[in-house]
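Participant:
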Amino acid sequence: MAPQYSEALAWLYRATRNGQPRDPARMTRLIAALGLTPPPQSVQVVGTSGKGTVAAMLAATLQAGGWRVGRFLSPHVEEFTERIAVNGRAIPPEAVTAFVSHLQAQPPSAAFFELTLALALTHFAQQAIDIAVIEAGVGARSDATIVLRPVACTVITTIGHDHLEVIGPTLRDVAWDKAAAIRPGVPVVTGATGVGLEVMLAAAQTHGSPLYRLDPDDPLFALPSKLPPSDQIREQNQRLAAAASRLLGITSDTVLATGLALPPLPARRELFRVQGRTVLLDGAHNPTAAQALRATLERPYLLLFGALPRKDGEATLAVLEPFALATFITDVDGQASALSRLPSRTFIADPLAALSQALAHCPEDAVLVVTGSLYLAGQLRPWLRSADAGEIRV
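Per our numbering, the sequence shown runs over residues 10 to 403.
Okay, here's the thing in structure tokens:
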């Protein structure tokens, strides 16, 4: 990493709200102060789980259909530049450095996520995109991405228990917060069910917005016949991306199949073969995501789990641990685990040491599931990639 680029990243990471509450008005002021031009149109992708995958698939499909597409995802797994791309090409480090150099002359009052979104908008304008696919950060109502206009379509993937300390504490509260992404007259695609869907339907009716709920029998959500079969969760994400693509004018099955066949993002049920063992790396960090992950696991598995202290790791772990052959716990991102030190769990603070021990205890016919945090995935993925004899499918 070049010194100037590493210094630019360090400067971005130091940016905080200084104790101020989340407020989209700060993003509006930042856009005005930097003289940024919003994208010609945007798609906002909101939800508890799957929003990064759906955003990436949608961007790939629109690109296959001839659009010039900006894509904004968060968080990254290994490299900061994963967050921002145009037609699948990540923002170059020199563009990050130039943006930070410009800001340092008169630093704005903005947090890391707001500055990163402003960087994306700057890059998108320079690259003359046709449309931006924007993954929200936390919720929608107070998220920086909510200020983007005009919005051509909104996708709300799922509603589940995550970030409860910010947008909770109840599931209805979470749904209410995410429902703020529904704009007057703008079509909405959602995979929400139960109380989440109930709140979405009410909000859509209030705003006069057509809402399309996931239904495999609805032609809007149909998958092209050329698309290879996949697991239930990936298929759900593909159907949501397909519906949004069709609402934006993509009708060709060939184009849809090209975009929806996008390989999984890093640490989204990503498979490696290491020391004769299958390792599944996934960033599931809430009970909803853990349930989705559990539904895809057909073989016996060991569990290597780590969660940030601010997350309810016990609730997420409770979904996966009862079915695991053994459970290993580790620290994440240098932060001590807050998970209970039960006798049934093996605690090893260092993630690489924990991975080594878990591999040593994993039977040949089992899968080692590494999950709990995208930050943990970011720590272990470089080692897994270097040790992998090649990505596999099981």
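Glycine included, C-beta positions come from ideal geometry on N, C-alpha and C.
#1: Hey, which unbroken runs of the alpha helix (DSSP H) at 4 residues or more fall wholly within the stretch 346-382?
#2: Quick check: the Cα distance between GLU88 and TRP185, rounded to an integer number of angstroms?
#3: Going by DSSP, name the residue or residues bridged to TYR22.
#4: Check whether the Cβ atoms of GLN388 and ASP342 lie closer than 8 Å to each other.
#5: Do ALA64 and ARG77 have their beta-carbon atoms positioned less than 8 Å apart in this structure?
#6: Give a yes or no on whether the C-beta atoms belonging to ARG158 and PRO47 are separated by under 8 Å.
#7: Do ILE259 and ALA127 have their C-beta atoms within less than 8 Å of each other?
#8: What is the DSSP secondary structure of ALA137, counted as helix, strand or coil?
#9: For GLY268, does the three-state DSSP call read helix, strand or coil?
#10: Whose CA, out of GLY97, LEU210, GLN50 and SER395, lies closest to the CA of VAL283?
#11: In three-state DSSP terms, what is ARG402?
#12: Do VAL198 and ALA213 come within 8 Å of each other at the CB atom, strictly closer than that value?
#13: Quick one: what's got a C-beta closer than 7 Å to HIS370's C-beta in the same chain, skipping five residues either side?
#14: Comparing alpha-carbon positions, which option in PHE121, GLY194 and PRO178 lies nearest HIS216?
#15: With DSSP as the reference, label GLY203 as helix, strand or coil.
#16: Tell me which residue opens and which closes the alpha helix (DSSP H) that GLY61 is part of.
#17: Does the beta-carbon of HIS3 have 16 or more other beta-carbons within 10 angstroms, so that it is buried, or is it exposed?
#18: Measure how close the beta-carbons of ARG286 and LEU368 come, nearest whole angstrom, since I'm counting them as under 8 Å.
#19: Could you pull out every residue in the same chain whose Cβ sits closer than 6 Å to the Cβ of ALA358, ignoring the five residues on either side in sequence?
#20: Cutting at 7 Å between CB atoms, please list the residues of its own chain near ASP397, excluding the five before and the five after it.
#21: On a Cα-Cα basis, can you pick out the residue from ARG23, LEU21, GLN53 and GLU123 that is closest to ARG38?
#22: Using only alpha-carbon positions, find the residue among ARG308, ALA251, TYR22 and PRO117 that is nearest to VAL164.
#23: Less than 8 Å between the beta carbons of ALA189 and ALA134, yes or no?
#24: For LEU348, count neighbouring Cβ atoms within 10 angstroms of its own Cβ and tell me buried if that reaches 16, exposed if not.
#25: To the nearest angstrom, how far is it from the Cα of PRO238 to the Cα of ARG278?
#26: Identify which residue in GLU91, ALA99, LEU18 and VAL183 has its Cα closest to the Cα of SER58.
#27: For the beta strand (DSSP E) holding ILE165, just list the boundary residues, first then last.
#28: If you count every other CB in all the chains shown that lies within 10 Å of the CB of THR179, and 16 or more means buried, which is it?
#29: Is ARG92 near LEU82, with beta carbons less than 8 Å apart?
Facilitator: This is what the structure gives:
#1: DSSP runs (the alpha helix (DSSP H)) wholly in the stretch 346-382: 360-370.
#2: The residue given as residue 88 occupies position 79 in the sequence shown. The residue given as residue 185 occupies position 176 in the sequence shown. One C-alpha to the other measures close to 33 Å.
#3: Along the sequence shown, read from residue 1 onward, the residue named residue 22 stands at position 13. None, per the DSSP bridge assignment.
#4: By 1-based counting over the sequence shown, the position of residue 388 is 379. By 1-based counting over the sequence shown, the position of residue 342 is 333. In contact: GLN388 and ASP342 (Cβ atoms closer than 8 Å).
#5: Taking the first residue of the sequence shown as 1, we reach residue 77 at position 68. Taking the first residue of the sequence shown as 1, we reach residue 64 at position 55. Cβ atoms of ARG77 and ALA64: not closer than 8 Å.
#6: Taking the sequence shown and counting its residues from 1, one reaches residue 158 at position 149. Taking the sequence shown and counting its residues from 1, one reaches residue 47 at position 38. Going by C-beta atoms, ARG158 is nearer than 8 Å to PRO47.
#7: The sequence position of residue 259 within the sequence shown is 250, counting from 1. The sequence position of residue 127 within the sequence shown is 118, counting from 1. Not in contact: ILE259 and ALA127 (Cβ atoms no closer than 8 Å).
#8: Here residue 137 corresponds to residue number 128 of the sequence shown, with the count starting at 1. Correct three-state label for ALA137: coil.
#9: One-based indexing of the sequence shown puts residue 268 at position 259. It is helical.
#10: The sequence position of residue 283 within the sequence shown is 274, counting from 1. Nearest of GLY97, LEU210, GLN50 and SER395 to VAL283, Cα basis: SER395.
#11: Against the sequence shown, residue 402 aligns to sequence position 393. For ARG402, the predicted model reports a pLDDT of 39, less than 50, meaning its position is unreliable; a value from the coordinates is still stated below. In the three-state scheme derived from DSSP, where H, G and I count as helix and E and B as strand, ARG402 is classed as coil.
#12: Position 204 of the sequence shown, counting from 1, holds the residue named residue 213. Position 189 of the sequence shown, counting from 1, holds the residue named residue 198. The answer is no: Cβ separation not under 8 Å.
#13: Position 361 of the sequence shown, counting from 1, holds the residue named residue 370. Same-chain partners within the cutoff: LEU311 and ALA335.
#14: Indexing the sequence shown from 1 puts residue 216 at position 207. Looking at the Cα atoms, GLY194 is the closest of the given residues.
#15: The residue labelled residue 203 in the question sits at position 194 within the sequence shown. Here GLY203 sits in helix by DSSP.
#16: In the sequence shown, counting from the first residue as 1, residue 61 sits at position 52. 60-73 is the extent of the alpha helix (DSSP H) around GLY61.
#17: Only positions 10 to 403 of the chain appear in this structure, which leaves residue 3 out of reach.
#18: On the sequence shown, residue 286 is found 277 positions in, with the first residue counted as 1. On the sequence shown, residue 368 is found 359 positions in, with the first residue counted as 1. Rounded, the Cβ-Cβ distance is 6 Å, consistent with contact.
#19: Along the sequence shown, read from residue 1 onward, the residue named residue 358 stands at position 349. So the qualifying residues of the chain are ASP340.
#20: Taking the first residue of the sequence shown as position 1, residue 397 is located at position 388. Excluding sequence neighbours, ASP397 sits near PHE281, ARG282 and VAL283.
#21: Here residue 38 corresponds to residue number 29 of the sequence shown, with the count starting at 1. When only C-alpha atoms are compared, the closest one is GLU123.
#22: Within the sequence shown, numbered from 1, the residue matching residue 164 stands at position 155. Nearest neighbour of VAL164 by Cα position, chosen from ARG308, ALA251, TYR22 and PRO117, turns out to be ALA251.
#23: One-based indexing of the sequence shown puts residue 189 at position 180. One-based indexing of the sequence shown puts residue 134 at position 125. Contact: no.
#24: The count along the sequence shown starts at 1 and reaches residue 348 at position 339. LEU348 comes out buried.
#25: Sequence index remark: in the sequence shown, residue 238 carries index 229 (1-based). Sequence index remark: in the sequence shown, residue 278 carries index 269 (1-based). Each residue's Cα considered, the two are about 15 Å apart.
#26: Sequence index remark: in the sequence shown, residue 58 carries index 49 (1-based). Its Cα nearest to that of SER58, the residue VAL183 stands out among GLU91, ALA99, LEU18 and VAL183.
#27: The sequence position of residue 165 within the sequence shown is 156, counting from 1. Secondary structure note for ILE165: its beta strand (DSSP E) is the uninterrupted segment 160-165.
#28: By 1-based counting over the sequence shown, the position of residue 179 is 170. With fewer than 16 Cβ atoms within 10 Å of its Cβ, THR179 is classed as exposed.
#29: Within the sequence shown, numbered from 1, the residue matching residue 92 stands at position 83. Within the sequence shown, numbered from 1, the residue matching residue 82 stands at position 73. Yes, these two residues count as a Cβ contact at 8 Å.
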